[in-house]
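Quick note, the sequences are listed as chains A and B, same order.
Numbering of the first sequence is given in this note's numbering, commencing with residue 10 and proceeding in unit increments.
Numbering of the second sequence is given in this note's numbering, commencing with residue 40 and proceeding in unit increments.
We put the beta carbon where it would ideally sit given N, CA and C, even for glycine.
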Amino acid sequence: MSDTTSAAPAEKLTKKQLKADHPTWCPACGDFAVLASFFNVVQKLGIPHEKICVVAGIGCSSRFPYFVNAHGIHFIHGRALPLATGISLSRPDLHVFVFGGDGDGFSIGGNHLNHAARKNVNLSYVVMDNYVYGLTKNQTSPTTPLGQRSKTDPRGAIDRPINPMAQLVSSGATFIARTHAAQVKHMNEMFERAIVHPGFAVVETLSECTMFNPGSFDDSNPRKGGVFDLVDEETQDLESIAAAMDLSQDLNPGKFGVYYETKRPTKNELEREWLTDAQSKIGDLSQRDLLRQRFASMR
Amino acid sequence: MSQTATQKPADSASDIRNAVIRLAGNSQDGIQSIGAFLGQLAGSTAQEVMTYMTIPSTISGGPSIFQVHLGSGEVLHPGDRADTLVAFYQHSYDGHLSTLKDGGICFYDSDSVEEIKNERGIIHIGVPFTSATIEAIGGSAKSRGKNIFVLGLLCAVYQLDREKLTKIISRKFGKKSEDILRNAMLAFDAGYAWPVHDIEHMPMAPGENDAENRISTDGNTMIALGLIAGGVRFGAGYPITPWTTIMEFLRSELPKYDGMFIQCEDELAAVSLALGAAYSGHLAITGSSGPGLALKAEALGYASMAELPIIVVNIQRGGPSTGLPTSVEQSDLMQAIYGSHGDAPRIVLAPKNVEDCFYTALEACQLAKKYSTPVFILSDQAIATRLEAFEEPDLEKHWQEPELDLSERGADFKPYPLDKITRHSPPGSRSSEGKYPVVTGLEHDEWGHPSGNPANHQKMTDKRRNKLVALAESLPTPEVHGAENGSLLIVGWGSTYGPIKEATDRLMSNGHAVGSINIRHVHPLPNGLGELFDKYDHILVPEMNDSGMYGYGQLATLLRAKTCNPAIKSINKVQGISFRVLEITNEAEALIAGN
């Protein structure tokens, strides 16, 4: 589990180096902008190419790793966060990025989101929320608004949707932001702050499904006549759970920006502390001799 | 005979070679620790030991037993019938008298047991365990320590090595506090000195296992130690009986070896964390018991498809569903081999006893690395919780240094080459060509790109299966114990090893040409089994699982599929307890006689 960080400074990556397969997303899908923004931020931060690790579960947005030329892993539905936790804890030298949709993160993987967040695992997580199941072609998702029709709710959704921001705030995540795929500058800023944040950083990103949910986020898109209302960080107490909860009450269209940000020891640091302590007590003994000693105590 | 009786010389012909002692009480009485002390003593006095316990699946309380089989020579099973019963309560007495052999000895707590049945020549010896312990420790109204009192009593009756036993007790209690140790020694001495008038002392013959450095422990501990020796430095799990002690052990031990074990929110997270570490280039494990394995099934299908190495421990218990959480069964074999969606080949190994847990774990590590695929260790509740004494593993020979290969991958690197076994390029390793791979659960081509091409799916399915075919070809045919050919071959896997071996010996001494094998590599099965089976008239497969719709146990079904040998028959038992030797010999003799 030792740190394998290399000291050599990384050469700046070009977009060409970072691009892989052409995305399989539908024309004008919001996810294209998320991908472009990710490239921008990774380039800007100068992360060494081989240290980038892109993780995803299942869904349209979870196809992300195929479109990035970097180490990537496309896992099973809903389990991207625990997989990424295993990567982050066992390889502290890597930059772990998790991408996924609202079904993957808030429904089938909902339990993992709470636990990865409260443990403050060091990784960045972008939820590309389109309020619908897209890959399986238009079923109700956990964020589908009441009354919206889908193939599984032909009379309109009857189950109250989750409030993603309120859930994230109560989960124990240490960096929580909300952005919009049509607001590239804002999205870049949120992603960058999430990546440099030590600990569990999550960015809820409204990303329009032009196929099954067109116009869903127009009310927060000035180009479509909406209002992109920002969190005022001058007045907002970013370390207050209560203030973040207040912000989360109205998400129609609600505010964008950082809802909550605090410093707390990461799971990575706490586990490493134990490793360091345990090994300092052992001294110079080799691992093999340590096991020998263990056997001797069982005689 | 009282304590003052002269001791017999140690090698007297009348010394007993085997003693099966059953301790029956409640789970909070510390009867497990009596068993553990006797087990450790056996390990340090060249004797053999095997224990058996039942525990209620409650937090504290409820009837519980611990049975210890001590032997001067080989001990293969925890004992069919007890020679000595120690009953702490009336319910323990009533419930377990029938397990005592005719003419056996029953020590009972005369403070609690009031009704005695005179039957089958059993010798009853009433000793006030409770009040004598309270008196010995002095003033305390609590009866804590009566287990140690009983240990002292047994030490005197069986003339065990008192010095070594008190040393083991001091090592255990000395860590806690001086008071606790003092009380334990007072209780022990009182039990040791208790005058027993109705029986002769029964000195155990000296142990014959002259191996140096013998250790005594349980199967779960040996799996955990084998994993460490095999290079595992990351694990993740969720608590479930009887797997939990492995995760507790690794959680505390791995940090010392620069590794970590993470307790997760559920079984799905646990297998996913372990796969994350495996993808990152580490040798990782996850584990559980039956129901937990069902939850991990999807991710393990992924591991077969993505060709990630991972070690999966399943400590089987009675199923299905919550079933018998603290009892033994072997009903997860098919789940281990086939329990996934799609064609998802994986390797399954089963340890035969506590010592073998270490070597099975070690082999699992080697195979996971070599074939880059999931490897199951299929143990069971009996091996997991029982104590045995055996020679300490030679780490000079068996230590495997953990490796993390982050070397640069060249132009010829492909994550899924059709002509070679997959060797992943973990994140952090540079690519000389600047092209990085995606590890995936979608069917993919050699470069890891998703592909729905029909011919490609066939080729990749072949690739994943052929790894196991190659392994099967390299496996030796299991060694036969007993007759190399003849009327009957008994075939077992896992913890039925002991009773099968003893049954083989008894049948041989009754003049039958009987052999037996234990199959560690339950999937893929080793080659050569068909030819071996042809040398016998009958093949009998005892398994602790159900005979199902078609009359055969889970391994027997696979053996019939592999060899098409109609002589293969099953004996099945699902009672939450291991086979008794007699059950196997009876069935075997009936089969032979019917020939």
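- Per the C-alpha coordinates, the member of B:ALA627, B:ARG469, B:LYS459 and B:VAL508 positioned closest to B:MET547 is B:ALA627.
- Remark: three or more beta-carbon pairs, one from each stretch, lie closer than 8 Å, so the stretch 78 to 94 of chain A and the stretch 311 to 327 of chain B are flagged as touching.
- The beta carbon of A:GLN296 sits closer than 8 Å to some beta carbon of chain B.
- No Cβ of chain B is located within less than 8 Å of the beta carbon of A:LEU239.
- A Cβ-Cβ contact shorter than 8 Å links A:PRO91 with B:ALA308.
- The residue from B:HIS321, B:GLY213, B:SER216 and B:SER311 with its alpha-carbon nearest to that of B:LEU266 is B:HIS321.
- Residue-level contact check: B:GLY480 touches chain A, since one or more beta carbons of chain A fall below 8 Å from its beta carbon.
- Approximately 7 Å separates the beta-carbon atoms of B:GLY329 and B:ASN353; this is inside 8 Å, confirming the contact.
- The beta carbon of B:LEU115 sits no closer than 8 Å to any beta carbon of chain A.
- Annotated three-state conformation of B:LEU443 is coil, per DSSP.
- Close CB contacts of B:ASN604 within its chain, under the 6 Å cut and outside five residues either way in sequence, are with PHE572 (chain order).
- If you compare the alpha carbons of B:HIS108, B:GLY100 and B:GLN71 with that of B:GLU87, the shortest gap goes to B:HIS108.
- Unbroken alpha helix (DSSP H) runs of no fewer than 4 residues, entirely contained in the stretch 203 to 272 of chain A, are found at 250 to 257, following chain order.
- Chain A has a Cβ within less than 8 Å of the Cβ of B:ASP297.
- The beta carbon of B:ASP305 sits closer than 8 Å to some beta carbon of chain A.
- Here B:VAL620 has HIS116, ASP119, PRO538, GLU541, ALA542 and ARG545 as same chain residues with Cβ atoms under 7 Å from its own Cβ, once five neighbours each way along the sequence are excluded.
- If you keep only unbroken beta strand (DSSP E) runs of at least 3 residues inside the stretch 344 to 429 of chain B, you get 349 to 355, 386 to 388 and 413 to 419.
- Put simply, the stretch 46 to 55 of chain A touches the stretch 18 to 29 of chain A. At least three CB pairs are less than 8 Å apart.
- With its beta carbon less than 8 Å from one in chain B, A:GLU59 belongs to the interface.
- When 7 Å is used as the limit between beta carbons, B:ILE301 is near these residues of chain A: LEU98, in chain order.
- Taken through DSSP and simplified to helix, strand or coil, A:GLN302 comes out as helix.
- CA-to-CA, the gap between A:LEU103 and A:GLU59 works out to about 8 Å.
- Take B:GLU153, set aside five residues on each side of it, and the residues of its chain with a beta-carbon closer than 8 Å to its own are GLN129, in chain order.
- Residue state for B:ARG201 is assigned as helix, using DSSP reduced to three classes.
- Taken through DSSP and simplified to helix, strand or coil, B:ASP133 comes out as helix.
- Counting along the chain, B:ARG599 sits inside the alpha helix (DSSP H) bounded by residues 593 to 602.
- When 7 Å is used as the limit between beta carbons, B:TYR341 is near these residues of chain A: PHE84 and ILE85, in chain order.
- Nearest CB-CB separation between A:LEU300 and chain B: below the 8 Å threshold.
- Interface with chain A (8 Å Cβ-Cβ cutoff): B:ILE254 is included.
- Per the C-alpha coordinates, the member of A:MET137, A:VAL236 and A:ASP162 positioned closest to A:PHE200 is A:MET137.
- Bounds of the alpha helix (DSSP H) holding B:GLY82 are 70 to 83.
- Taking the beta carbon of A:THR94 as reference, the chain B residues within 9 Å of it are ALA275, ILE301, CYS303, ALA308, SER311, LEU312 and GLY315, listed in sequence order.
- With contacts defined by Cβ atoms closer than 8 Å, B:ALA428 and B:ALA81 form a contacting pair.
- The three-state reading of DSSP puts A:LEU27 in helix, counting H, G and I together.
- A:HIS121 sits buried, since 16 or more C-beta atoms from the chains shown fall within 10 Å of its C-beta.
- Beta-bridge analysis with DSSP links B:GLU87 to B:GLY110.
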